[in-house]
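Take the sequence shown: its position 157, counting from 1, is numbered 157 in UniProt numbering, and each next residue is one higher. All C-beta atoms in this analysis are idealised placements derived from N, C-alpha and C, irrespective of residue type, glycine included. Predicted, not measured: the structure shown is a model, and the values here were computed from it.
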Amino acid sequence: MTNHLQPSCSSPINKEVNVSSSLFNTVLNISPINKSEILCTKDQTQYEEYPNLCISDSPAKNNTEEIEVCGRRIVNIFNLFEEIKNIDKHDPFDCSFKNMIVIGEKRIGFKSIFTFKCSMCQIKKTVGTENNVFTPINTSVVIGVLNIGCGYSQLQEVMSAMEVPTIHIKTYQAEHDLICKGYEETALETMKEAAKVEAELAVAEGEVDVDGTPLVAVVADGSWCKRSYRTMYNSPSGMAALVGYRTRKILFMGVKNKFCAI
């Protein structure tokens, strides 16, 4: 079967097309497509009650406020889950967490506070990686570094390998000073308590002088650093301690230096 389509005129309103074949002869009237006919009848009736409604099929633009969070973070996992649940299903449109984007992060050492913004209702909420249940993460990290005999440089190396943003040197130093002060106060209080126990034991065994002062037996020991790099080396600083003979607890400790390091 052979079909021949031959337009009979070029009218902008209607076009007649002669279709001839061995089976039929007919004339088709083809009208130009109207833009309003792009929407089907169902779509037109659906939006007739909203004459001022603007409909766009173009994809939504990316929110310029959204930021990209890189690397890893140290988090209190239970607290993180609880805070995410608290901002999920929020008013006034019953939006959920999937509608929220990250627009900011405030880092205080290893602690982070993320700011989320809902793309539906524009409400802003914050989610923190820490709470007040445990020891603050900055304090815990510095305590751990001090306990293994390291410092800020070693902490930087470890955090860099883990891709975790490290603490600032000023924040580290502030935590370091606070922890060392706490160590010193705790050590003095512990030594006082140990000395009281030693005195009570000495009195109980009758080891007192003519004035009734307890005679506490102690063991003294001290140390200083020594290294050998082809020559003998003695550290200019050293320490000494008095240990109670009965309780085997430290009663006094002192650190001495040959020169002032300030």
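- A Cβ-Cβ contact shorter than 8 Å links residue 76 with residue 131.
- As the crow flies, the alpha-carbon of residue 89 is around 14 Å from that of residue 81.
- DSSP places residue 160 within a helical segment (H, G or I) once states are collapsed to three.
- Counting along the chain, no alpha helix (DSSP H) covers residue 259, and no H or E run does either.
- Here residue 240 is not near residue 212, since their CB atoms are 8 Å or more apart.
- C-alpha of residue 151 to C-alpha of residue 109: approximately 16 Å in a straight line.
- Burial state of residue 162 is exposed, judged by a 10 Å Cβ sphere holding fewer than 16 other Cβ atoms.
- In the DSSP assignment, residue 241 falls within the beta strand (DSSP E) that extends over 232–244.
- Listed in chain order, the beta strand (DSSP E) runs fully inside the segment 114–199 are 124–128, counting runs of at least 3 residues.
- Checking the DSSP bridge columns, you'll see residue 221 partnered with 241.
- By the Cβ criterion, the segment 240–253 is in contact with the segment 186–196, since at least three pairs of Cβ atoms, one from each stretch, lie closer than 8 Å.
- Rounded to the nearest whole angstrom, the CA to CA distance from residue 128 to residue 185 is 32 Å.
- For the options 105, 113, 259, 101, the alpha carbon positioned closest to that of residue 120 is the one of 101.
- Judged by DSSP in its simplified three-state form, residue 93 adopts coil rather than helix or strand.
- Rounded to the nearest whole angstrom, the C-alpha separation of residue 145 and residue 166 is 13 Å.
- Bounds of any beta strand (DSSP E) do not take in residue 87; it lies within the alpha helix (DSSP H) bounded by 77–87.
- Excluding five sequence positions before and after residue 226, the CB atoms of its chain that fall closer than 8 Å to its own CB belong to 232, 233, 234, 235, given in chain order.
- In the structure shown, residue 215 falls within a coil segment according to DSSP collapsed to helix, strand and coil.
- For residue 105, the uninterrupted beta strand (DSSP E) segment begins and ends at 100–108.
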